[in-house]
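Participant: I'd like to ask you about the structure that follows.
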Amino acid sequence: MAAFDPQNNPKLDVVFTSAKYTFLQSVGLFPPAEVMILGDAEPRTFQGAPLVLAYNGAHCVYHGFLKHRGGPDAAKFRPIEVAVKWVAGRERIDRLVNEAEIYETRLNSVRGVAVPKYYGFYTGTVESMPVACMILEWCSGPPIDDVKELNRQRMLAATKMHQAGVMHGHLLDPRHFLPMRDGTLRIVDFSTARAHKCPGARPLTLSTSGDPRPPESCGELDVVESRFGVDAERHGRHLRWANGFYPELVSSFYYKY
0 MAAFDPQNNP KLDVVFTSAK YTFLQSVGLF PPAEVMILGD AEPRTFQGAP
50 LVLAYNGAHC VYHGFLKHRG GPDAAKFRPI EVAVKWVAGR ERIDRLVNEA
100 EIYETRLNSV RGVAVPKYYG FYTGTVESMP VACMILEWCS GPPIDDVKEL
150 NRQRMLAATK MHQAGVMHGH LLDPRHFLPM RDGTLRIVDF STARAHKCPG
200 ARPLTLSTSG DPRPPESCGE LDVVESRFGV DAERHGRHLR WANGFYPELV
250 SSFYYKY
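With numbering that gives the first Met the number 0 as the guide, the letters of the sequence shown map in order to residues 0 to 256.
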């Protein structure tokens, strides 16, 4: 990220029921804004109001509405329903910095398609504790009950993310796929993700000829397709083994998957 310049870094006010906290952008990508917090995603409350978590290692996702205050057209825009990814303490903040860099430098082309829309990364101090927050599109829709369609949407999102040049590292965790109202999915949590030049993946098939096969194969996509691909419900693993490929034993993913 660019060096911090307080003169050109618009503020974000995060407003809880009983308090307001002001944060600054590390880079001035977005105009001044305010987020009104509705509640905690888990929800943890005191006397009906969401708790403000400001202890070392705290992390949660708040639900709120974002309203931009800068620019001549700010009044024309309706408040945006958002998720506020909130962390406290240096270790948690460092991981959120990595996630923000992935959103800002790698995921531009798939925001709002395979990953949530991104509205900025901000830092501040709450009760003497360093705190950071990232503002993302609120992802909430009906669950996809049809398993084949659910897996198809997982594969579509994963391949689009890889086309954008990102390796997630934890795609077999179903919590990282959130449903949207239009029936698609969004991949979330890029705190340990990294830039990735994807070579593509080997098709999940018993055929050893007729399918275009890249000279290399992406370990993450191979593992995800083995779990969520077309034949994964029946014999995806056996198809891989029949082709002499064993994604479960790929060293870089052995412990993660």
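Beta carbons: idealized from backbone N, C-alpha and C, even for Gly.
It should be emphasised that the depicted structure is a prediction, and the values quoted were computed from it without experimental measurement.
Report the option in Gly-164, Ser-190, Ala-163, Gly-182 whose CA atom is closest to the CA atom of His-175.
Facilitator: For the purposes of this step, residue 175 is taken as residue 176 along the sequence shown, with counting starting at 1. If we check each option's Cα against that of His-175, Ser-190 comes out closest.
Participant: Give the range of the beta strand (DSSP E) segment to which Met-133 is assigned.
Facilitator: One-based indexing of the sequence shown puts residue 133 at position 134. That run of the beta strand (DSSP E) goes 128 to 136.
Participant: Return no unless some Cβ of chain B is closer than 8 Å to the Cβ of Asn-55.
Facilitator: The question asks about chain B, but that chain is absent: this structure has only one protein chain.
Participant: Around the Cβ of Ser-17, are there at least 16 other Cβ atoms within 10 angstroms (buried) or fewer (exposed)?
Facilitator: The residue you call residue 17 lines up with position 18 of the sequence shown. Per the 10 Å Cβ criterion, exposed.
Participant: At what residue ranges does the stretch 138 to 207 contain a whole run of the alpha helix (DSSP H), taking only runs of 4 or more?
Facilitator: Whole alpha helix (DSSP H) segments, 4+ residues: 146 to 162.
Participant: Could you tell me the distance, in whole angstroms, from the CA atom of Cys-197 to the CA atom of Val-114?
Facilitator: Position 198 of the sequence shown holds residue 197. Position 115 of the sequence shown holds residue 114. About 18 Å.
Participant: What does the Cβ neighbour count give for Ser-127, buried or exposed, with the cut at 16 atoms within 10 Å?
Facilitator: In the sequence shown, residue 127 corresponds to position 128, counting from 1. Counting Cβ neighbours within 10 Å, Ser-127 comes out exposed, since fewer than 16 surround it.
Participant: Mapping the DSSP letters down to three states, classify Thr-104 as helix, strand or coil.
Facilitator: Indexing the sequence shown from 1 puts residue 104 at position 105. Of the three classes helix, strand and coil, the one that applies to Thr-104 here is helix, per DSSP.
Participant: Just to confirm, is the Cβ distance from Phe-120 to Ser-25 under 8 Å?
Facilitator: Residue mapping note: residue 120 aligns to position 121 of the sequence shown, counting from 1. Residue mapping note: residue 25 aligns to position 26 of the sequence shown, counting from 1. The answer is yes: Cβ separation under 8 Å.
Participant: Going by DSSP, what residue range makes up the beta strand (DSSP E) through Gly-119?
Facilitator: The count along the sequence shown starts at 1 and reaches residue 119 at position 120. Taken as a continuous stretch (DSSP letters only), the beta strand (DSSP E) holding Gly-119 covers 117 to 125.
Participant: Enumerate in chain order the residues of its own chain whose CB-to-CB distance from Cys-132 is below 7 Å, with the five nearest sequence positions on each side excluded.
Facilitator: If you number the sequence shown from 1, residue 132 lands on position 133. Answer for Cys-132: Val-13, Phe-22, Val-83, Lys-84, Trp-85, Tyr-121, listed in chain order.
Participant: If we count the other Cβ atoms within 10 Å of its Cβ and call it buried at 16 or more, is Pro-49 buried or exposed?
Facilitator: Numbered from its first residue, the sequence shown carries residue 49 at position 50. Pro-49 comes out buried.
Participant: Taking the alpha helix (DSSP H) that Glu-224 belongs to, which residues open and close that run?
Facilitator: Here residue 224 refers to the residue found at position 225 of the sequence shown. That run of the alpha helix (DSSP H) goes 218 to 227.
Participant: Can you say whether Ser-225 is buried or exposed, counting buried as having 16 or more other CB atoms within 10 angstroms of its CB?
Facilitator: Taking the sequence shown and counting its residues from 1, one reaches residue 225 at position 226. Buried, by the Cβ-count rule.
Participant: Please list, in chain order, all residues of the same chain as Glu-103 whose beta carbon is under 6 Å from its beta carbon, the five residues on each side excluded.
Facilitator: Counting from 1 along the sequence shown, the entry for residue 103 is found at position 104. Hits under 6 Å: none found.
Participant: Spell out the partners DSSP gives Leu-65 in its beta bridges.
Facilitator: As a first step, residue 65 is located in the sequence shown; it is residue number 66 there, counting from the start. BP columns for Leu-65 point to Val-34, Ile-79.
Participant: Between Gly-164 and Ala-194, how many whole angstroms is the CB-CB distance? I'm expecting something under 8 Å.
Facilitator: Against the sequence shown, residue 164 aligns to sequence position 165. Against the sequence shown, residue 194 aligns to sequence position 195. Confirmed, Cβ separation roughly 6 Å.
Participant: In angstroms with no decimal places, state the Cα-to-Cα distance between Pro-129 and Gly-88.
Facilitator: For the purposes of this step, residue 129 is identified with residue 130 of the sequence shown, where counting begins at 1. For the purposes of this step, residue 88 is identified with residue 89 of the sequence shown, where counting begins at 1. Straight-line Cα distance between these residues: approximately 6 Å.
Participant: What does the alpha-carbon distance come out to for the pair Pro-141 and Arg-180?
Facilitator: Sequence index remark: in the sequence shown, residue 141 carries index 142 (1-based). Sequence index remark: in the sequence shown, residue 180 carries index 181 (1-based). Each residue's alpha carbon lies about 6 Å from the other.
Participant: Specify, as a first and last residue, the run of the beta strand (DSSP E) that Val-14 falls within.
Facilitator: Locating residue 14 in the sequence shown gives position 15, where the first residue counts as 1. Its beta strand (DSSP E) spans residues 10 to 14.
Participant: Alpha carbons only, please: which of Cys-59, Tyr-61, Ile-79, Phe-227 is nearest the one belonging to Arg-68?
Facilitator: On the sequence shown, position 69 is the one that residue 68 refers to. For the residues Cys-59, Tyr-61, Ile-79, Phe-227, the minimum Cα distance to Arg-68 belongs to Ile-79.
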